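To start, the structure under review is shown below, and the notes come after it.
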Amino acid sequence: MIDRTSLLGRFLRYVAVDAQSREDGDAYPSTSGQRELIQLLAEELRAMGYSGVAVDSYGYLTLYIPGVGELAQEPCVGFFAHVDTAPDAPGSPVKPRVVSAYGGSDIALNGNVVLSPQEFPELLEYRGQDLVVTDGNTLLGADDKAGVAALMEVLYWLSLNPKASHAPVAIAFTLDEEIGRGVEHFELATFPAQYAYTVDGGRVGELQWECFNAARVRVVFSGVPCHPGDAKGKMRNALTMARDFDSDPLLAARPENTEGRQGFFHPYHMEGCVARAELDYIVRHHDARVFMRMLADMERVADSLRRQYGIEAVTLEVEQQYRNMREKLEGKMWVVEHARRAMRSCGIEPIEQPIRGGTDGAVLTWRGLPCPNIFAGGMNFHSVYEYLPVESLVKAAEVVRTLACTPALDGKE
Numbered sequence: 074m075i076d077r078t079s080l081l082g083r084f085l086r087y088v089a090v091d092a093q094s095r096e097d098g099d100a101y102p103s104t105s106g107q108r109e110l111i112q113l114l115a116e117e118l119r120a121m122g123y124s125g126v127a128v129d130s131y132g133y134l135t136l137y138i139p140g141v142g143e144l145a146q147e148p149c150v151g152f153f154a155h156v157d158t159a160p161d162a163p164g165s166p167v168k169p170r171v172v173s174a175y176g177g178s179d180i181a182l183n184g185n186v187v188l189s190p191q192e193f194p195e196l197l198e199y200r201g202q203d204l205v206v207t208d209g210n211t212l213l214g215a216d217d218k219a220g221v222a223a224l225m226e227v228l229y230w231l232s233l234n235p236k237a238s239h240a241p242v243a244i245a246f247t248l249d250e251e252i253g254r255g256v257e258h259f260e261l262a263t264f265p266a267q268y269a270y271t272v273d274g275g276r277v278g279e280l281q282w283e284c285f286n287a288a289r290v291r292v293v294f295s296g297v298p299c300h301p302g303d304a305k306g307k308m309r310n311a312l313t314m315a316r317d318f319d320s321d322p323l324l325a326a327r328p329e330n331t332e333g334r335q336g337f338f339h340p341y342h343m344e345g346c347v348a349r350a351e352l353d354y355i356v357r358h359h360d361a362r363v364f365m366r367m368l369a370d371m372e373r374v375a376d377s378l379r380r381q382y383g384i385e386a387v388t389l390e391v392e393q394q395y396r397n398m399r400e401k402l403e404g405k406m407w408v409v410e411h412a413r414r415a416m417r418s419c420g421i422e423p424i425e426q427p428i429r430g431g432t433d434g435a436v437l438t439w440r441g442l443p444c445p446n447i448f449a450g451g452m453n454f455h456s457v458y459e460y461l462p463v464e465s466l467v468k469a470a471e472v473v474r475t476l477a478c479t480p481a482l483d484g485k486e
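Take any residue in the sequence shown, note its place counting from 1, add 73, and you have its number in our numbering.
So, in structure tokens, the structure goes:
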């Protein structure tokens, strides 16, 4: 059995470390707190008796555990979790609170912030359960320290049960996932896993093997400033161009008005003046053809402005981030089937929906390591309303243990 008290203690210990990543960080990882948490994990693993703990120059922590018993010759299963938290909300100091046996009413996080089932009706699904909540001033960090805690607790269980039959296991704790750089420097060639799972999902049962195609686009507008009293026919206002670009109907699909398999253009940062302005977007869609058309639409809008203001007025810089992993996983569905069976053996019915986002697993899958995403239990990620049902965390650890301790090849196609 997974030790609930030990598991919760781990999670509370890990969220106390400020490991928030930063978009503007030049180093890797982008913040020193991530290395601090990696060091803590390494020390705990060594204290469990694991001698193969490795931390490379980038800060990635990896561990390989040989298989035991009748499963020793199974394919090596890998598990990934990222230690950083999102920069979308304040990240420290995290002051978690455990709400025992939640009764279904509002939870006052502080004098001004309330976690209410009226706004978040899924809260009512957790009546009677213990919830870890924030103090209303920071995010919680369940994304993905819940995944980190679940993996660490399973490793602890394996250390206490050295004769338990299990497949070879490879673990990796990654960095800067929240800013799209999670496995940027990860050396896959030396990682022994033949298939893997990111433990980075939300509600219990999530099993995700389809994600967005993703790009980051920076649009730069070059203006011509002059005195506003003498500007007619002379001024080219970069801010006006930025406004016109962003308001074009071709770019109307936004996160706040899309759902399911609908893609979007998300302007997440802007700055500028008359002389120069920048707009940063993330562009997302599950369908690769539609995704490429969306990028082409951005170029069409830019061309329209160039015809009006001059060829040098607008430039686009496109950075491809990750691709939909479904295309690569469809030929290796035994990896998904193994997760389905593991969840069902734990009394959980899989919830299979495309991710409106991405994971390290999407990048790893395209690099040759099939890697779907499974739940870690947290809810309302990236916000002060984030919470973690303790029972969901326990179930995540149970599923990870089951994946390691049951044969995968029964489901191989």
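Here a beta-carbon is modelled for each residue, glycine too, at the ideal position from N, C-alpha and C.
Since we're looking at a predicted model, the values are computed, not measured.
Identity of the residues DSSP links to residue i by a beta bridge
| i | result |
| --- | --- |
| Leu36 | The requested residue 36 is not part of the displayed model; the chain covers only 74 to 486. |
| Gly151 | Ala243 and Ala269 |
| Asp321 | Answer by DSSP bridge pairing: none, since Asp321 is not bridged. |
| Phe294 | Ala350 and Val387 |
| Asn286 | His358 |
| Val128 | Leu134 |
| Gly274 | Phe448 |
| His342 | Asp353 |
| Ile180 | Leu188 |
| Val171 | Val205 |
Rounded C-alpha distance that separates residue i from residue j
| i | j | result |
| --- | --- | --- |
| Met367 | Ala222 | 38 Å |
| Glu344 | Gly278 | 41 Å |
| Val473 | Leu224 | 7 Å |
| Arg413 | Pro139 | 24 Å |
| Asp97 | Phe264 | 29 Å |
| His258 | Ser320 | 37 Å |
| Glu143 | Ile244 | 21 Å |
| Asp76 | Val436 | 33 Å |
| Ser178 | Ser189 | 7 Å |
| Pro106 | Val156 | Going by the sequence as given, residue 106 is Gly instead of Pro. Those two C-alpha atoms are separated by around 9 Å. |
| Pro298 | Ile180 | 52 Å |
| Gly302 | Val347 | 14 Å |
| Thr78 | Glu283 | 34 Å |
| Ile384 | Gly296 | 12 Å |
| Glu486 | Leu442 | Since pLDDT at Glu486 reaches only 47, below the 50 mark, its modelled position is unreliable, and the value read off the structure follows with that caveat. Answer to the nearest angstrom: the Cα atoms are 17 Å apart. |
| Gly484 | Leu261 | Low local confidence applies: a pLDDT of 45 at Gly484 is under 50, so the model's placement there is unreliable, with the coordinate-based value given in what follows. Approximately 25 Å, taken between the alpha carbons. |
| Ala350 | Val293 | 6 Å |
| Gln191 | Glu332 | 21 Å |
| Glu410 | Ser418 | 12 Å |
| Gln267 | Cys149 | 5 Å |
| Tyr354 | Arg334 | 19 Å |
| Asn453 | Glu195 | 10 Å |
| Arg170 | Leu204 | 8 Å |
| Leu233 | Gly255 | 31 Å |
| Val172 | Ala240 | 37 Å |
| Val387 | Gln381 | 11 Å |
| Ala369 | Ala145 | 50 Å |
Own chain partners of residue i with C-beta closer than 7 Å, once the 5 adjacent residues on each side are dropped
| i | result |
| --- | --- |
| Met74 | none |
| Thr438 | Met398, Lys401, Leu402 and Cys444 |
| Gly430 | Cys284 and Phe285 |
| Trp230 | Ile75 and Arg474 |
| Glu392 | Ala288 and Arg289 |
| Arg83 | Ala222, Met225 and Glu226 |
Cutoff 8 Å; reference residue i; Cβ partners in own chain excluding five residues on either side
| i | result |
| --- | --- |
| Pro163 | Asn210, Thr211, Leu212 and Val457 |
| Arg95 | Ser103, Thr104, Pro160 and Ile252 |
| Pro328 | Phe337 and His339 |
Three-state secondary structure assigned by DSSP to residue i
| i | result |
| --- | --- |
| Arg373 | helix |
| Leu196 | helix |
| Tyr382 | helix |
| Gln335 | coil |
| Glu109 | helix |
| Ala100 | coil |
| Ala470 | helix |
| Ile75 | coil |
| Tyr229 | helix |
| Thr479 | coil |
| Arg309 | strand |
| Val221 | helix |
| Thr211 | coil |
| Lys485 | Low per-residue confidence applies at Lys485: pLDDT is 48, beneath 50, and the placement is therefore not dependable enough to give any value. |
| Glu260 | coil |
| Leu80 | helix |
| Leu16 | Because the chain in this structure spans residues 74 to 486, residue 16 falls outside the shown range and cannot be described. |
Same chain only: Cβ atoms within 6 Å of residue i, ignoring 5 sequence neighbours per side
| i | result |
| --- | --- |
| Gly220 | Ala154, Val272, Asp273 and Ala449 |
| Thr432 | Thr271, Asp273 and Asn446 |
| Thr479 | none |
| Arg357 | Phe285, Ala287, Gly336 and Phe337 |
| Arg108 | Gly132 |
| Asp216 | Gly451 and Phe454 |
is_contact[residue i, chain B] using C-beta, thresh 9 Å
| i | result |
| --- | --- |
| Val126 | The chain inventory of the structure shown lacks chain B, comprising one protein chain alone. |
### Entirely enclosed alpha helix (DSSP H) segments - the region 395 to 461, minimum 4 residues
399 to 402, 406 to 418 and 433 to 439
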